[in-house]
Every structure is written in C-alpha cells, then in structure tokens.
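Engineer: Handing you a structure now.
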Amino acid sequence: MTTDVSRRKLLQLSLVAGAAVLVASQPALAQLNLPMKGDTVQLTQEWDKTFPRSNAVDHQKVTFKNRYGITIAADIYVPKNRGQGKLPALAVSGAFGAVKEQSSGVYAQEMAERGFVALAFDPSYTGESSGQPRNVASPDINTEDVMAAVDYLGLLDIVDRNRIGLLGVCGYGGLNLSAAAADKRIKSVASVVMYDMSRLWGQGFQDSYTPEQRAKVLENLSLQRWKDAEAGQPAYASHNVIFDKAGNITRDAVINPVTLPADADPVTVEFFDYYRTKRGLHPRSVNSVGAWSITTPMSFMNFPQLTYIKEISPRPVLIITGEVAHSRYFAETAYQQAAQPKELVIVPGANHVDLYDKQSGKVPFGKLESFFKTSLK
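Counting from 1, one number per residue, gives the positions in the sequence shown under UniProt numbering.
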C-alpha cells in the first residue's frame, strides 16, 4: 500500500512534470491525471460526444476522486492558444441525468474556446464514473462531486486556483448554488435553466403536491426500501411520480419514452427531442436510455438546496433561464433568495431544452464569457 509520504512525493513529481508539458500538444495533457488511487474505470478514447470537436481546443479524458473515494471521469478542455500564464477555470456540470458527452461538454468546450480551462464530468454512479449501484443521485454526494472538480482544477499548474468558477445546467444549476454557498474557493457561479431538484421532488412540479400527496410519496419510497433490501439491489423507474385518477402512485419504466406518444405534453416533447434523438442521445446517459433508482428522490425531499445561497455573496451569481422555460420559476426563486451581486437573464423565446446545446442558437455564451472574465479576473 502506498504510504502518505510516497503519495505526496508522487503528486509533487507529477505536478512538476505536468507543468513542463502543458504548452505542448494534446497527448501531453494526459500527464495531468492526478495520481490518486481509486476504483478502476473504463474510459472510451474515441470522440463519442453529441457535438463536434473543436479545432481550437485541446481535449483529454481525466479522472479524480471525490471525498467519498468515488472515481470521477471527466473531460478537460484547454485553449490551444493559451500562452504561458495561468488561466481561469470552470467546473461544468449538468444536466441532471445527463453525461459529460452532452450539455456540460457543449458548454465546457465552448468556454475553453473563449479562454478558460473547462472541466465537464460524470457525477458519481453515472456515466464513466465509478460507484455502485448505478444510476443513483444524492444531494450530498453530487454537491461533493462539484467540489471535487474544484479540487482537481486547483492542482493543475495551468490553472489559477484563485480564479475558479462553476457553470451548471438544469439540476446542476441548483446543486452548484449549494456548492458555492459552502465552498468559498468558488469565486463565481452561473446557472442555466436551473432546476431545484429538492423542490421538484419534495413539492412536485409547480409545487403541486398537497401535504397528503407528499406524505404518500414518502411512504411509497419508504416501502420501496424494504423491497430493495429484500432483493439485494435497487429497482429502477422514472423519477416522475404520477398520481392516477384514484390517487395511486404510478411510474413509467424509463425517464424518456422510446417513442413519443401522440398526446405527449410539451415538456415531454422537449426532453424527447434532445435525449431520444440524434441531437442528444447518448448510450451512457440516464436520461437517454434509463432511469434512476426508485428511491433516489428520497434524500432530496429533505434537503432544501437553496437554504444558504445568500452566503454566496459577495461572490457574483448569474442565473440564466428561458422566457418560456417550464423551469423558469426555479430560476426566479433562486434569484430572489440570492444576495447581491446577482443577475437574472431571461432569454427571449427560449424553452428549457433550447439552452442545452447550440441547435437553437439561443445560449448566451457571450454573456457567460463576460460574466466569468469579469468575476474571475
């Protein structure tokens, strides 16, 4: 077993070596892998993203460990024309249930083109990251994943550790606000079409749960734990709880249907158009081909994510949402609860999924660039 002393020496040697190769070609970037012992993870080496590769950016797959010992798989994007100085960096995450080959990768590569070192990662228990059982989410562990990404970035010689920000899409917009409130190393945070997963699961979409319905959901999840314990493994189904006409709880087998129903509601249409079509389909994405463990919402229901976001201040907060996004109310509430300096940007005509990628042309990348260049200078 490697001793603490030898591990520290190995880390120091690795970082010194990394500094020498950062200005070289893309393969040299692989030397930045932190020498932490963790679970073995299988990383694909081919370009299997849902978006085209940029010629202006160096890319490399990397791994690091979070505080719980889970190995996180990530893509790091670095500007090719970066010069010799240290750069600001962004930990990019989301959407909730997506993988780094989807929205977070789109944002990370674009921000690298604009001068940032950007890291997109698979949260614990998903994608290429480790953790068993699979397809499990936790407000604590997933917030820790974000902080661990900051750890990783701050140990890179190319990065100015005093200029690290967060960029989160969908559910990770909310989780990043929680992370920034607690972790004072994070100098600024931006959320895009954010979800507050604790509010969604704890109160229902548009806060629709009655107290009786909330109690029924918790009872249902509690009894599911008996079933999982007896089976020795979790059961999986869509996290979207449906109350039928008799008031009973039902769930679909997967998050997004394989075939779009003729009577699908607008939100289902949006998500299907991204996760189930060539636009955003990815075989490792929970949202594309699978479902969460049925009990995943349980911890979120008693974890109000936005409780301490006033404590992000005096660090800047940027909240971006779409004019017609079904998630807009999450963003507006977060903006109200955050302290100055803060800014709310509402993108005209944009729905929730319009801001997942570049297809609609509505993502305000220029605004994100100016926000981070100002807040991370």
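A virtual CB, placed ideally from N, CA and C, is assigned to each residue, including glycine.
In this text, all values refer to a predicted model and were calculated from it rather than measured experimentally.
In this structure, how does DSSP classify Thr374 when only helix, strand and coil are distinguished?
Structural biologist: Position 374 of the sequence shown, counting from 1, holds the residue named residue 374. DSSP places Thr374 in helix when its eight states are reduced to three.
Engineer: Any contact between the region 234 to 252 and the region 284 to 298? By contact I mean 3 or more CB pairs, one from each, below 8 Å.
Structural biologist: Yes, since at least three Cβ pairs between the region 234 to 252 and the region 284 to 298 fall closer than 8 Å, the two stretches touch.
Engineer: In chain order, what residues of the same chain have a beta carbon less than 7 Å from the beta carbon of residue 386, not counting five sequence neighbours either side?
Structural biologist: Here the chain comprises residues numbered 1 to 377, so residue 386 is not present and cannot be evaluated.
Engineer: Report the option in Arg185, Lys216, Trp226 whose CA atom is closest to the CA atom of Ala246.
Structural biologist: For this step, residue 246 is matched to residue 246 along the sequence shown. Of the candidates Arg185, Lys216, Trp226, the one whose C-alpha sits nearest the C-alpha of Ala246 is Lys216.
Engineer: Mind pulling the alpha helix (DSSP H) runs of 4 or more residues that sit fully within the region 122 to 207?
Structural biologist: Entirely contained in the region 122 to 207, the alpha helix (DSSP H) runs reaching 4 residues are, in chain order, 139 to 154, 171 to 182, 197 to 203.
Engineer: In the DSSP assignment, what residue or residues form a beta bridge with Thr63?
Structural biologist: Your numbering for residue 63 matches position 63 in the sequence shown. Partner(s): Ala73.
Engineer: In chain order, what residues of the same chain have a beta carbon less than 8 Å from the beta carbon of Ala74, not counting five sequence neighbours either side?
Structural biologist: To locate residue 74, count along the sequence shown from 1; it is residue 74. Answer for Ala74: Lys61, Val62, Thr63, Phe64, Lys100, Leu119, Ala120, Phe121, Asp122, Ala149, Tyr152, listed in chain order.
Engineer: Can you look up Glu311 in the DSSP assignment and give me helix, strand or coil?
Structural biologist: Indexing the sequence shown from 1 puts residue 311 at position 311. It is helical.
Engineer: For Leu306, which option in Val347, Gly131, Val106, Ala179 has the closest C-alpha, if you only look at C-alpha atoms?
Structural biologist: In the sequence shown, counting from the first residue as 1, residue 306 sits at position 306. Ranking Val347, Gly131, Val106, Ala179 by Cα distance to Leu306 puts Ala179 first.
Engineer: Consult DSSP for Ala215 and reduce its assignment to one of helix, strand or coil.
Structural biologist: Working through the sequence shown from its first residue, we reach residue 215 at position 215. Helix at Ala215.
Engineer: Under 7 Å from any heavy atom of the ligand COA, does the C-beta of Trp201 make it?
Structural biologist: In the structure on display, the ligand COA does not appear, and there are no ligands present to speak of.
Engineer: Is the beta carbon of Ser93 sitting closer than 8 Å to the one on Val146?
Structural biologist: As a position in the sequence shown, residue 93 is number 93, starting the count at 1. As a position in the sequence shown, residue 146 is number 146, starting the count at 1. In contact: Ser93 and Val146 (Cβ atoms closer than 8 Å).
Engineer: Using the C-alpha atoms, what's the distance from Gly85 back to Arg67?
Structural biologist: By 1-based counting over the sequence shown, the position of residue 67 is 67. By 1-based counting over the sequence shown, the position of residue 85 is 85. Cα to Cα, the separation comes out at about 30 Å.
Engineer: Going by DSSP, what residues sit across from Leu119 in a beta bridge?
Structural biologist: Indexing the sequence shown from 1 puts residue 119 at position 119. Ile76, Ala91.
Engineer: Whether or not the region 123 to 140 and the region 279 to 294 are in contact is what I'm after, with contact meaning three or more pairs of Cβ atoms, one per stretch, closer than 8 Å; do they touch?
Structural biologist: A contact exists between the region 279 to 294 and the region 123 to 140.
Engineer: Under a three-way DSSP split, which group does Gly105 fall into?
Structural biologist: Position 105 of the sequence shown, counted from the start, is the residue given in the question as residue 105. Correct three-state label for Gly105: helix.
Engineer: What's the gap between the Cα of Gly202 and the Cα of Pro304?
Structural biologist: Within the sequence shown, residue 202 is the residue found at index 202, counting from 1. Within the sequence shown, residue 304 is the residue found at index 304, counting from 1. Their backbone Cα atoms lie some 9 Å apart in a straight line.
Engineer: Just mark Gln199 as buried or exposed, buried being the case when its beta carbon has 16 or more other beta carbons within 10 Å.
Structural biologist: As a first step, residue 199 is located in the sequence shown; it is residue number 199 there, counting from the start. Looking at the sequence shown, residue 199 is not Gln but Arg. The residue is buried, with at least 16 neighbouring Cβ atoms inside 10 Å.
Engineer: Name the one or two DSSP bridge partners that Ser293 has.
Structural biologist: Counted from its first residue, the sequence shown places residue 293 at position 293. For Ser293, which the question treats as bridged, DSSP gives the partners Tyr236.
Engineer: Starting from Gly322, follow its DSSP beta bridges and name the residues at the other end.
Structural biologist: Sequence index remark: in the sequence shown, residue 322 carries index 322 (1-based). Gly322 is bridged to Val347.
Engineer: For the alpha helix (DSSP H) that Thr268 lies in, which residues bound it at each end?
Structural biologist: One-based indexing of the sequence shown puts residue 268 at position 268. Taken as a continuous stretch (DSSP letters only), the alpha helix (DSSP H) holding Thr268 covers 266 to 275.
Engineer: Given Ser138, which residues of its chain have a CB within under 7 Å of its CB, disregarding the five upstream and five downstream residues?
Structural biologist: Stepping through the sequence shown from its first residue, residue 138 is reached at position 138. Closer than 7 Å at Cβ, skipping near neighbours: Ser299.
Engineer: Ordered along the chain, which non-local residues of its own chain (more than five positions away) have a Cβ less than 8 Å from that of Val41?
Structural biologist: If you number the sequence shown from 1, residue 41 lands on position 41. Excluding residues within five positions, the ones whose Cβ falls inside 8 Å are Thr63, Thr71, Ala73, Glu128, Ser129, Ser130.
Engineer: Just curious, the alpha helix (DSSP H) that Gln336 is in, first and last residue?
Structural biologist: Position 336 of the sequence shown holds residue 336. 328 to 337 is the span of the alpha helix (DSSP H), which, as asked, contains Gln336.
Engineer: Compare the C-alpha of Arg315 against each of Pro341, Phe365, Arg279 and name the closest.
Structural biologist: Position 315 of the sequence shown, counted from the start, is the residue given in the question as residue 315. The shortest C-alpha separation from Arg315 is found at Pro341.
Engineer: Looking at Ala350 and Glu332, is the spacing between their C-beta atoms short of 8 Å?
Structural biologist: Working through the sequence shown from its first residue, we reach residue 332 at position 332. Working through the sequence shown from its first residue, we reach residue 350 at position 350. No, these two residues do not count as a Cβ contact at 8 Å.
Engineer: Return the Cβ separation of Asn135 and Gly290 in integer angstroms, given the expectation that the two are a contact with Cβ distance under 8 Å.
Structural biologist: By one-based count along the sequence shown, residue 135 stands at place 135. By one-based count along the sequence shown, residue 290 stands at place 290. That belief holds up - the Cβ atoms of Asn135 and Gly290 are roughly 6 Å apart, short of 8 Å.
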